[in-house]
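Colleague: One structure follows; several queries about it will come next.
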Amino acid sequence: MARKTTTGTTGGKKPATRKRSAPKAAAPETLPLDLPAPAPSAPTPETATQEIETVPVETQPLPDSLGLTHTSSPVDLPEPAVPLPHDGLKWATTVMAVTALFLLVFNATALRGWAYELTPTDTNAKVVSASETWYDLTAGIGLNKPVDALHHWWRGNMNLRFPGQEAAAPDVRLDSDQPGG
Amino acid sequence: MLFPTLSFGLFFLLIYAATWSLKASNEWRKIILLVASWYFYGAWDTRFVALLIASGVLNWGVARLIVANEGRDRARKTWLVIGVVINLAILGFFKYYGFFMEQVEHLLHSLGWERDLYIMQVVLPVGISFFTFQGMSYVIDIYRRKTEAASLLDMVLLMSFFPHLVAGPIVRASHLIPQFRKVPELTRGMAAMGLALIAWGLFKKAIIASELATQLVDQTFFDPSAQSSPDLIAGAYGYAVQIYCDFSAYTDMAVGLAALLGYRFPHNFNQPYRANSLQDFWRRWHISLSSWLRDYLYVSLGGSRHGLTRLCLALMTTMLLGGLWHGASWNFVIWGALHGSVLAIERLWREFRPKGWKPLPNILGIIITFHIVLLGWIFFRAQSFDSALAFIGGIFTAGGTAALVTPMLLLMILVGMTFHYAPPYTMQRVAMRLRSMKAIWVGLGLGLFILVVDAMRPEGVAPFIYYQF
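Taken in order, these protein sequences are the chains called A and B.
Taking my numbering, the leading residue of the first sequence gets 657, the next gets one more, and so forth.
Taking my numbering, the leading residue of the second sequence gets 647, the next gets one more, and so forth.
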C-alpha cells in the first residue's frame, strides 16, 4: 500500500470560507528525512514498512483564494471557476505551432547555426543550403534586427565593469557574421 | 541531446505529434515513447542503450519472481537481495570501480608495492544513478507490497522515459505505472503549466546558470589560489545559485515535457534556500532523492525505531552514502558527512535543548542553514580536497580586489536568490492565467520569451551539472 500523500485540490474546508489575504506557504513535498519519533501513544514501529506508514502525514495548507494547495505534482491545477473547453490537446498544439512559426520567422539565425552544426552529409548540405536561403530572406527584410539589437544591448550590459576593473575582452559574437553568431 | 537545443526541440515535436496521433492505442503510444527514449539515450552513447534495457528487464524479472513466491517469505527475501545486489553491482562497476582501484593502488604503494595496477578505464553511462535507483525502488516496493507488479513494457518505459532518464526526478513505479496503464488526457491546465515550466527552466539554465558558470564559477574553482577574496566569495555564492538554477531548470523542463505528453511527475524542488534548518533543506532540495534515501536507506538502517544513537548513526550513514551516490570522490563523502553531522546535531539540539531556550528566529535559521549548504557546495564543486581547502582559505586570506565578478554577475546572483522568496505557487498562478487565454496569444508570448532568452544567452549550451551523476 502506498504511503499517504495528498492529491487533488480538495481541502477540509471550502476555499470560500478562507480569508483571501493570507495564502499559506507551500507545505514540504515529502516527509522529513529525519523522521520524528512516534507519538507516545502510538505503537513503536517494528519494521521499515510500518515506520513509513506510521509517520504522521504533515498538515497540508488549505486551498488559498485561487484554490491552490499542495498537490503530488506541480502540474495539478485547481479546476477553474468557469469550466474551460476540453480542448487541451488542440490548445497546446496551437500554442506550440504558433511559437515555432514565430521563432522560424524572427530567429533564422538560430536555425542557420543549428544547420551548420549537423554532421556534413549530402542531405544535411541541403538543410544548410535551405537554412542559408531562409536566413538571407528574413535578414533581407530586417526580421533578425530585433534579436540582434537585444543581443548587442545585453552583451554590452554583461561587459560592464566595476570602477578600476579591467575592460572586458571583445565579444566575438557581437560583430560576427558567423553562422550561429 | 540537451533539452535547451534546437535538435531536442525538433525531436520533441516529432514525439509529441506521434504519441498524440496514436491516442487510440495506448500500447503503441508507449512503444513509440520507449523507442524515442532509447534514441534519446543513444544520442550520448549507443552502447549503453543495451545496459538500460537489460537493467529494466532484470528489475522486471526479479519483481515477477518475488510476486510468484508470495507466501514464501524466505524466497521473496532471497530474490529481493539478488535484485538489489545486481543493481548495486552495476552501479558499483560503472561508477566506483576506478575510484576503488585507485584507492587500492595508493594503499599498496604506501605499503611498499612499487608496480602500478592495471586499471580499466570505465566510461560512466549518463544517468546510471537515476535509473538504477528507480529500478531498485520498484523491486523493494514490490517486496514491501507497496506497488503492483508492472508489465515488461511499462517497467522498461518507467526506467527509460526520456524526460527523467538522465537527471531525474526519480519517479517511482507507484507514481508513474498507474499513469502508463491508461491513455493520458491533456488538459489546458497541464499544458499551460508544462509550457510555463519549460520556458522558466530555459531562462534559468540558458541565462543565469550558464552565465554564472562560464564567467565566474568555473574560473574561481579552476585555480582558487590565483583568485582574490571578493572573487572567491562571489564564486561560492555564484555556484549556489548556479547549481540551483541548473538542476531545478532540468527538473522544470522534465516535468513540463512529461506534462505535454500527458504524464504527471512529482515535485523535486521547493525554494530550497528558504529552508530554516538542514532538515527543512532536504524537504525542499532534490526531493525525489531525499525521499528515496529516507524510504529505502534511512528507514532500512533503523530510522527512529532504535533510539537516538541509532537514529544519528542512520542519518550519518544515509548522508555519507547520499554523498557517494553523486560520484566516487572524497569530496562527495565530505559533503555527505557535513550534511549528516549537521542533521544529527539539529536532531540532538531539538532533543536536548534546555527548557526555556527559544528556537532561533526564522531569518537567522535561514542564514545559518544557507551558509552550511554553501560550505558543502564548495566541497561538492571543488576538483579535490586540497582545492576546496585552498578555496575556503583564500576567502579569508587572499585579499585583493574583484577581477571576475561584474555588476551583472552580482545582479544574477541576487536574482537567483530572490527566486526563493517568490510567493508560493507563483508558477501555478501564471499557468492558471495562461490556460484561460487564447492559444494564439500564448504562442506569440512564448515565442517572444524564447526569442529574448536566445538573444541573451551566452554562446553554446553546457550540459546540466547532474548529467555527470
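The beta carbon of each residue, even a glycine, is placed where N, CA and C say it ideally should be.
All figures in this text were calculated on a predicted structure; none of them were measured in a lab.
Once the 5 residues before and after L659(B) are set aside, which same chain residues still bring their CB inside 8 Å of it?
Modeller: Once the five neighbours on either side are set aside, L659(B) has no close Cβ partner at all.
Colleague: Expressed to the nearest angstrom, what Euclidean distance is found between the alpha-carbon atoms of A904(B) and Y791(A)?
Modeller: Whole-angstrom Cα-Cα distance: 33 Å.
Colleague: Span of the alpha helix (DSSP H) holding R996(B)?
Modeller: Looking at the DSSP string, the run of the alpha helix (DSSP H) that includes R996(B) is W976 to F998.
Colleague: Are the C-beta of D1100(B) and some C-beta of chain A separated by less than 8 Å?
Modeller: Yes, D1100(B) counts as interfacial toward chain A.
Colleague: Determine whether the beta carbon atoms of F1037(B) and I1024(B) lie at a separation below 8 Å.
Modeller: Yes; because the gap between Cβ atoms is below 8 Å, this pair is in contact.
Colleague: For a contact meaning CB atoms closer than 8 Å, what does S783(B) contact in chain A?
Modeller: The premise fails here: S783(B) is roughly 12 Å from chain A at the closest Cβ pair, so nothing lies under 8 Å.
Colleague: Please state if the CB of L862(B) and the CB of L1055(B) are separated by a distance shorter than 8 Å.
Modeller: Contact flag set, yes.
Colleague: Within a Cβ cutoff of 6 Å, which residues of the same chain sit near G969(B), ignoring the five residues on either side of it in sequence?
Modeller: Once the five neighbours on either side are set aside, the close Cβ partners of G969(B) are F978, V979, W981 and G982.
Colleague: How do the segment 1094 to 1101 of chain B and the segment 762 to 773 of chain A stand: do at least 3 beta-carbon pairs fall below 8 Å, yes or no?
Modeller: Flag = yes, the segment 1094 to 1101 of chain B and the segment 762 to 773 of chain A touch.
Colleague: By the criterion of Cβ-Cβ separation under 7 Å, what are the contact partners of G1093(B) in chain A?
Modeller: Within 7 Å Cβ-Cβ: V754, T755, F758 and L759.
Colleague: How would you call M766(B), buried or exposed, if buried means at least 16 neighbouring beta carbons within 10 angstroms?
Modeller: Answer is exposed; the Cβ neighbour count stays below 16.
Colleague: If you follow the alpha helix (DSSP H) that M647(B) is part of, which residue opens it and which one closes it?
Modeller: First-last for M647(B): undefined, no H or E at that position.
Colleague: Under 9 Å Cβ-Cβ, which residues of chain A neighbour V713(B)?
Modeller: None at all; the shortest Cβ gap to chain A is about 15 Å.
Colleague: Report the rounded CA-to-CA distance for S987(B) versus M962(B), giving the unit in angstroms.
Modeller: Whole-angstrom Cα-Cα distance: 6 Å.
Colleague: Any C-beta of chain A sitting closer than 8 Å to the C-beta of W846(B)?
Modeller: Closer than 8 Å: no.
Colleague: For D690(A) and I661(B), I'd like the C-alpha separation in whole angstroms.
Modeller: Summary for D690(A): the model assigns pLDDT 43, below 50, so the residue's position carries little reliability; its value from the coordinates is reported in the next sentence. So the alpha carbons of these two residues sit roughly 41 Å apart.
Colleague: Tell me, please, whether the CB atom of V803(A) is closer than 8 Å to any CB atom in chain B?
Modeller: So, interface residue.
Colleague: For K1004(B), which of helix, strand or coil comes out of DSSP?
Modeller: In the structure shown, K1004(B) sits in coil (DSSP, three-state: anything other than H, G, I, E or B).
Colleague: Put E735(A) into one of helix, strand or coil per three-state DSSP.
Modeller: If DSSP states are grouped into helix, strand and coil, E735(A) belongs with coil.
Colleague: Measure the alpha-carbon distance for R827(B) versus N672(B) and round it to whole angstroms.
Modeller: Each residue's alpha carbon lies about 8 Å from the other.
Colleague: Is there contact between the segment 813 to 820 of chain B and the segment 695 to 702 of chain B, where contact requires at least three CB pairs shorter than 8 Å?
Modeller: The segment 813 to 820 of chain B, when compared against the segment 695 to 702 of chain B, does not touch it at the 8 Å Cβ threshold.
Colleague: Whose C-alpha, out of V769(B), V750(B), V768(B) and P771(B), is nearest the C-alpha of R761(B)?
Modeller: When each option's Cα is compared against that of R761(B), the closest is V750(B).
Colleague: Does any residue of chain A bring its CB to less than 8 Å from the CB of G969(B)?
Modeller: False, the Cβ-Cβ gap to chain A never drops below 8 Å.
Colleague: Please tell me whether L793(A) has its Cβ less than 8 Å away from any Cβ of chain B.
Modeller: False, the Cβ-Cβ gap to chain B never drops below 8 Å.
Colleague: Mind checking K670(A): buried by the 16 CB within 10 Å criterion, or exposed?
Modeller: Bear in mind that the predicted position of K670(A) carries a pLDDT of just 39, short of 50, making it unreliable; the figure below should be weighed with that in mind. Exposed, by the Cβ-count rule.
Colleague: DSSP on I774(B), reduced to helix/strand/coil?
Modeller: I774(B): helix per DSSP, three-state reduction.
Colleague: Under a CB-based cut-off of 8 Å, is F776(B) close to chain A?
Modeller: No, F776(B) does not count as interfacial toward chain A.
Colleague: Out of E794(B), F649(B) and S856(B), point me to the one whose CA is closest to P824(B)'s CA.
Modeller: P824(B) has its Cα closest to that of E794(B), out of E794(B), F649(B) and S856(B).
Colleague: Would you mind telling me which residues of chain B sit closer than 9 Å to S849(A), beta carbon to beta carbon, in chain order?
Modeller: Absent from the model: residue 849(A). The displayed extent of chain A is 657 to 837, so no value can be given.
Colleague: Chain B partners of R817(A), CB-CB under 9 Å?
Modeller: Simply T1052 and P1053.
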